[in-house]
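Visitor: So the sequence lines, in the order shown, correspond to chains A and B.
Residues 9 to 196 in the numbering used here are what the first sequence spells out, letter by letter.
Residues 9 to 196 in the numbering used here are what the second sequence spells out, letter by letter.
2 protein chains.
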Amino acid sequence: MNKKQIGNNFFIPMPVVLVGTQVSGNANFMTVGWVARANANPPMIVCGIGNHHYTPKGIEENGTFSVNIPSTDLIVKTDYCGIVSGSKTDKSKVFDIFYGNLNTAPLIKECPVSIECKLVQITPLPTNSLYLGEIVGVWVDGEIMADGKPDINSIDPIFLSMPDNRYWNLGEHIGDAWSDGKNLKLND
Amino acid sequence: MNKKQIGNNFFIPMPVVLVGTQVSGNANFMTVGWVARANANPPMIVCGIGNHHYTPKGIEENGTFSVNIPSTDLIVKTDYCGIVSGSKTDKSKVFDIFYGNLNTAPLIKECPVSIECKLVQITPLPTNSLYLGEIVGVWVDGEIMADGKPDINSIDPIFLSMPDNRYWNLGEHIGDAWSDGKNLKLND
Numbered sequence: 009m010n011k012k013q014i015g016n017n018f019f020i021p022m023p024v025v026l027v028g029t030q031v032s033g034n035a036n037f038m039t040v041g042w043v044a045r046a047n048a049n050p051p052m053i054v055c056g057i058g059n060h061h062y063t064p065k066g067i068e069e070n071g072t073f074s075v076n077i078p079s080t081d082l083i084v085k086t087d088y089c090g091i092v093s094g095s096k097t098d099k100s101k102v103f104d105i106f107y108g109n110l111n112t113a114p115l116i117k118e119c120p121v122s123i124e125c126k127l128v129q130i131t132p133l134p135t136n137s138l139y140l141g142e143i144v145g146v147w148v149d150g151e152i153m154a155d156g157k158p159d160i161n162s163i164d165p166i167f168l169s170m171p172d173n174r175y176w177n178l179g180e181h182i183g184d185a186w187s188d189g190k191n192l193k194l195n196d
Numbered sequence: 009m010n011k012k013q014i015g016n017n018f019f020i021p022m023p024v025v026l027v028g029t030q031v032s033g034n035a036n037f038m039t040v041g042w043v044a045r046a047n048a049n050p051p052m053i054v055c056g057i058g059n060h061h062y063t064p065k066g067i068e069e070n071g072t073f074s075v076n077i078p079s080t081d082l083i084v085k086t087d088y089c090g091i092v093s094g095s096k097t098d099k100s101k102v103f104d105i106f107y108g109n110l111n112t113a114p115l116i117k118e119c120p121v122s123i124e125c126k127l128v129q130i131t132p133l134p135t136n137s138l139y140l141g142e143i144v145g146v147w148v149d150g151e152i153m154a155d156g157k158p159d160i161n162s163i164d165p166i167f168l169s170m171p172d173n174r175y176w177n178l179g180e181h182i183g184d185a186w187s188d189g190k191n192l193k194l195n196d
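(1) Of all Cβ atoms in chain B, is any one closer than 7 Å to the Cβ of Ile116 of chain A?
(2) According to DSSP, simplified to helix, strand and coil, what is Tyr88 of chain A?
(3) Do Gly156 of chain A and the ligand NAP come close, with the Cβ less than 6 Å from some heavy atom?
(4) For His61 of chain A, which residues in chain B fall below 9 Å Cβ to Cβ?
(5) Going by other Cβ atoms of all chains shown within 10 Å of its Cβ, with 16 needed for buried, is Asp196 of chain A buried or exposed?
(6) From the DSSP output, in three-state form, read off Pro132 of chain B for me.
(7) Tell me the residue span of the alpha helix (DSSP H) that contains Ser93 of chain A.
(8) Please check if any C-beta of chain A sits within less than 7 Å of the C-beta of Ser79 of chain B.
(9) What does the alpha-carbon distance come out to for the pair Pro134 of chain A and Asn47 of chain B?
(10) May I have the straight-line CA-CA distance separating Pro21 of chain B from Lys193 of chain B, to the nearest angstrom?
(11) State the DSSP-derived secondary structure class of Ser187 of chain A, mapped to helix, strand or coil.
(12) If the criterion is Cβ atoms closer than 7 Å, does the pair Ile57 of chain A and Tyr139 of chain A meet it?
(13) Determine whether the Cβ of Gly94 of chain A lies closer than 7 Å to any Cβ atom of chain B.
(14) Can you give me the C-alpha to C-alpha distance between Lys190 of chain B and Glu68 of chain B, rounded to a whole angstrom?
(15) Using 7 Å as the limit for Cβ to Cβ distance, is Asp155 of chain A near chain B?
(16) Within this structure, are the beta carbons of Asn173 of chain B and Ala185 of chain A separated by less than 7 Å?
(17) Whole angstroms is fine: what's the gap from Val40 of chain A's alpha carbon to Glu118 of chain A's?
(18) Whole-angstrom Cβ separation of Ile105 of chain B and Val75 of chain B, contact assumed at under 8 Å?
(19) Using the Cβ count rule (16 or more neighbours within 10 Å means buried), how would you classify Asp164 of chain A?
(20) For Pro132 of chain B and Met170 of chain B, what's the separation of their Cα atoms in angstroms?
And the structure:
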């Protein structure tokens, strides 16, 4: 066995989203790579966001936020929103904005998918906090729908690996979940 | 604008891991697609796991778990661990196992990366719970190291999209974080 122990700050590529908030009445967007589904029913999302950021102010102020999924063609604007803080720079004009069911969760027109969340709970951790939100609306571009469902290839999402800080696109459909494993014969 | 509202149970592809536990002294592995980094320092991971599963018993019993990252060549065994419950089937022989710093967090030899976690907190939600763990050890195959760092292409991770339940591989390196956005000129 050739296993080596490396530093503890390593994980595989994660999907990149733009978290939208309204801070003191102004729309703001922050790039977030630490996001996952959290609860099945009702559907919830959890985001890990650094405590020093501007975005938590908007989440706490309104109890709402949005999770927008950028395509790879938005990579420059997406990265910009992770470099520049809303505390110093007005990011409300970086994207065209629309609203769904909530009037304090700005959604990004250029993103193929935008998700509206109502804040459920904040879990403070040493350097970050977990923002748990219930999904109350999912908005997609009509153009990315295929057979009545969003087409993952058309969404063309971005992934981020850390600590090497590289963006990746999605590869190919390589298998089917709750299906391929039925073929396993142990002791093969 | 051509935005449509769809059902709330939609999200983009997420990385797939195998969560390892020891239940009543026996190793068990479960496929988990709802996982993200949670805290920067100390490094933490959060997993959303259905409350009806067998894995939570092991996490609660020992206060430890592992997060193993399978390559695409392990897709059949990975999917199998998401179909079959440890409550009915002994999954301890599906993989070769090794241990790192914790003696109750079984690690998978065939996975290029295995992460040991100490349980920090459980957040119960309606159908799932969030298991927050501090990373206390990261073990990688020597063969996947390049320039002293794990090579993401060699890890060759699996992603899962839901609710269409498809597995995907990673695509190409398309940009650099905290870098590409420096080139943004607004009003271009």
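Backbone N, C-alpha and C define an ideal beta-carbon position, used for all residues, glycine too.
Guide: So, from the data block:
(1) Here the question's residue 116 of chain A lines up with position 108 in the first sequence. Taking Cβ atoms only, chain B never reaches closer than 7 Å to Ile116 of chain A, which makes this a no.
(2) Your numbering for residue 88 of chain A matches position 80 in the first sequence. Helix at Tyr88 of chain A.
(3) Of the ligands one can find in the structure shown there are none, so the ligand NAP has no counterpart to examine.
(4) Here residue 61 of chain A refers to the residue found at position 53 when the first sequence is read from its first residue. None at all; the shortest Cβ gap to chain B is about 12 Å.
(5) As a position in the first sequence, residue 196 of chain A is number 188, starting the count at 1. Only weak support is given to the placement of Asp196 of chain A: the predicted model assigns it a pLDDT of 48, under 50, and the question is left unresolved by the model.
(6) As a first step, residue 132 of chain B is located in the second sequence; it is residue number 124 there, counting from the start. Pro132 of chain B falls in the strand class under three-state DSSP.
(7) Walking along the first sequence from the start, residue 93 of chain A turns up at place 85. No alpha helix (DSSP H) holds Ser93 of chain A; DSSP gives it neither H nor E.
(8) The residue labelled residue 79 of chain B in the question sits at position 71 within the second sequence. Chain A, which has no Cβ nearer than 7 Å to the Cβ of Ser79 of chain B, makes this no.
(9) To locate residue 134 of chain A, count along the first sequence from 1; it is residue 126. To locate residue 47 of chain B, count along the second sequence from 1; it is residue 39. Going by the C-alpha atoms only, they are around 7 Å apart.
(10) As a working note, residue 21 of chain B is residue 13 in the second sequence. As a working note, residue 193 of chain B is residue 185 in the second sequence. For Pro21 of chain B and Lys193 of chain B, the distance between alpha carbons rounds to 30 Å.
(11) Stepping through the first sequence from its first residue, residue 187 of chain A is reached at position 179. It is coil, neither helix nor strand.
(12) Numbered from 1 along the first sequence, position 49 holds the residue referred to as residue 57 of chain A. Numbered from 1 along the first sequence, position 131 holds the residue referred to as residue 139 of chain A. For Ile57 of chain A and Tyr139 of chain A, yes; Cβs fall inside 7 Å.
(13) The residue labelled residue 94 of chain A in the question sits at position 86 within the first sequence. Judged by the 7 Å Cβ criterion, Gly94 of chain A is not in contact with chain B.
(14) Mapped onto the second sequence, residue 190 of chain B falls at position 182. Mapped onto the second sequence, residue 68 of chain B falls at position 60. Straight-line Cα distance between these residues: approximately 45 Å.
(15) Your numbering for residue 155 of chain A matches position 147 in the first sequence. No, Asp155 of chain A does not count as interfacial toward chain B.
(16) Reading the second sequence from its first residue, position 165 is the one you call residue 173 of chain B. Reading the first sequence from its first residue, position 177 is the one you call residue 185 of chain A. A contact, by the Cβ cut-off of 7 Å.
(17) By 1-based counting over the first sequence, the position of residue 40 of chain A is 32. By 1-based counting over the first sequence, the position of residue 118 of chain A is 110. Rounded to whole angstroms, Val40 of chain A to Glu118 of chain A spans 17 Å at the Cα level.
(18) If you number the second sequence from 1, residue 105 of chain B lands on position 97. If you number the second sequence from 1, residue 75 of chain B lands on position 67. Their Cβ separation, rounded to whole angstroms, is 15 Å, which puts Ile105 of chain B and Val75 of chain B out of contact at 8 Å.
(19) Here the question's residue 164 of chain A lines up with position 156 in the first sequence. By the 10 Å Cβ count, Asp164 of chain A comes out buried.
(20) Your numbering for residue 132 of chain B matches position 124 in the second sequence. Your numbering for residue 170 of chain B matches position 162 in the second sequence. Pro132 of chain B and Met170 of chain B have their alpha carbons spaced roughly 22 Å apart.
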